[in-house]
Amino acid sequence: MPEGPELHLASLYVNRMCDGVVFAGPVRKSEVSKNPDVPFTCEAYRITATSRGKEVKLTLTPIKSDDSKQTVKAGQADQPVDIVFHFGMSGYFRFTPEDELHKHAHLLFYSKEKPCRVLSFVDTRRFGSWHPNVSWQPNRGPCIMFEYKSFRENVLSHLSDRAFDGPICEVLLNQKYFNGIGNYLRAEILFRLNIPPFVQARTLLEGLESEDVFENERSTTGMKTSDKAKKKGGKPDLLRLCHTVPLEVVNLGGKVYDPETADYSGFETWLQCYSVDGMKSIQDHKGRTIWFKGHPGPMVPKGSRSPKAKKRSKKEEDNDYTDKKKVAQSCSETTIKKRIKQETVTKTPKNYKDPRPKEIGSKRGKTEKAGEVSTPQKEKKSTARRRKSSSAEPLEGSQRKSGRVTRQNSK
DNA sequence: CGTCCACGTCTAC
DNA sequence: TAGACCTGGACGG
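The first sequence begins at 266 in the working numbering and counts up one residue at a time.
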């Protein structure tokens, strides 16, 4: 499940597993991979990792021998080499005994130990990639999690960029400005602020200050709120949530990224909107599914009918989302949570254990109306069958077959 | 069995 | 803004 948090957890995994491990020999690539060879071989080297947004960089560092003679044999590396990885839809790292290599391990780093172990880049779908001898992809913005200040500045200083013409849910996937946000994060972030996904991004962001008044807060247990923040109403803004929401996932730790136990139940419990039973979903202009609650917003793709106005419970203020101020302060998180719980339908069996390595949210039929035409169009929208007027028509109690494994707000 | 769907980029009409 | 790139799990018949 690779979005920013998973990439970062992957780097932590590599650093933890490879701490003290000496690797040796060449870096090997699977036969089937179309990614570049990694021209690196060394009799003793170490591996460390860092992450930035949706990229992970491995650094292979040759261990210098103590011998005064630093005779580097021909072909043996003596300088560190960086490899930058993109995880695609299914990439992750594993550190396993040589005889337990994953079927889809595509780049392999062998340890020097006797029962040899291997750090491998596993990527079932092979949408992932790696590039040796490069640094972070230049056209990607600062990391939403670990370069918050420059991330924020990068967005707010480029609001005139046409990239911000579009609806917020689609702009959030633009890695030039939101490096690390992916499909589940955009849904979770917008949900927290009750922001309709198809409101123009610029309109929402224009009102934000370049200085984050929450900057010095302990966001998690955020007991003390700065005076400035209090004046603002005490609510983190959209850009701040682009930072804190992903960090929540990082803090779930192994519950999210644990190739060993393959247990993602903690993560699924964390999700409040994405793939959650009771939420609405439609395809955005690029055919990606956006999950949300409430109004879709004015820039909703044509042909995807606006969802039936749910019988929004009492206090769903009818927001006028042309007014940024209003949007910025729409209903509080706690309010939302409460309301959601109320509307939640079925409950997840608490003993449910997700048999991982599978992709999240792949359970079916949560949103389509039973007999609705709901255009398929997977990643590649099948040619002629564009979403016709249908995909939207989300719930209304009826559908939402409370199938067994569907996600929902349990607890 | 077949269809739908998936946490993401890329490039080419 | 369509496809293309891939594999495989969940469902439906």
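For glycine and all other residues, C-beta sits at the position ideal for the given N, C-alpha and C. Small disclaimer: the values here were computed from a predicted structure and weren't measured.
Assuming residue i contacts residue j (C-beta within less than 8 Å), just tell me the rounded distance between them.
| i | j | result |
| --- | --- | --- |
| residue 553 | residue 448 | 6 Å |
| residue 458 | residue 446 | Not quite, the Cβ-Cβ distance comes to about 14 Å (not below 8 Å), so this is no contact. |
| residue 347 | residue 324 | 5 Å |
| residue 453 | residue 537 | 6 Å |
| residue 321 | residue 350 | 5 Å |
| residue 569 | residue 547 | 5 Å |
With 16 as the cutoff for other CB atoms within 10 Å, does residue i come out buried or exposed?
| i | result |
| --- | --- |
| residue 398 | exposed |
| residue 319 | buried |
| residue 385 | buried |
| residue 344 | exposed |
| residue 297 | exposed |
| residue 518 | exposed |
| residue 477 | buried |
| residue 417 | buried |
| residue 365 | exposed |
| residue 505 | buried |
| residue 254 | Outside the modelled stretch of the chain, which goes from 266 to 676, sits residue 254, for which no answer is possible. |
| residue 559 | buried |
| residue 278 | buried |
| residue 492 | exposed |
| residue 380 | exposed |
| residue 331 | exposed |
| residue 276 | buried |
Taking 8 Å as the threshold (C-beta atoms), are residue j and residue i in contact?
| i | j | result |
| --- | --- | --- |
| residue 291 | residue 309 | no |
| residue 455 | residue 434 | yes |
| residue 463 | residue 563 | yes |
| residue 395 | residue 516 | no |
| residue 431 | residue 419 | no |
| residue 567 | residue 557 | no |
| residue 625 | residue 540 | yes |
| residue 470 | residue 512 | no |
| residue 267 | residue 356 | yes |
With distances taken Cα to Cα, identify the nearest neighbour of residue i among the options.
| i | options | result |
| --- | --- | --- |
| residue 683 | 365, 409, 549 and 359 | Given that the chain is displayed from residue 266 to residue 676, the structure contains no residue 683 and the question cannot be resolved. |
| residue 507 | 432, 285, 535 and 413 | 413 |
| residue 338 | 364, 451, 288 and 307 | 307 |
| residue 451 | 493, 379, 549 and 376 | 549 |
| residue 382 | 373, 389 and 390 | 373 |
| residue 390 | 379, 380 and 370 | 370 |
| residue 340 | 303, 531, 417 and 471 | 303 |
| residue 272 | 311, 315, 285 and 364 | 315 |
| residue 565 | 378, 466 and 426 | 466 |
| residue 393 | 503, 542, 479 and 358 | 358 |
| residue 312 | 439, 468, 440 and 377 | 377 |
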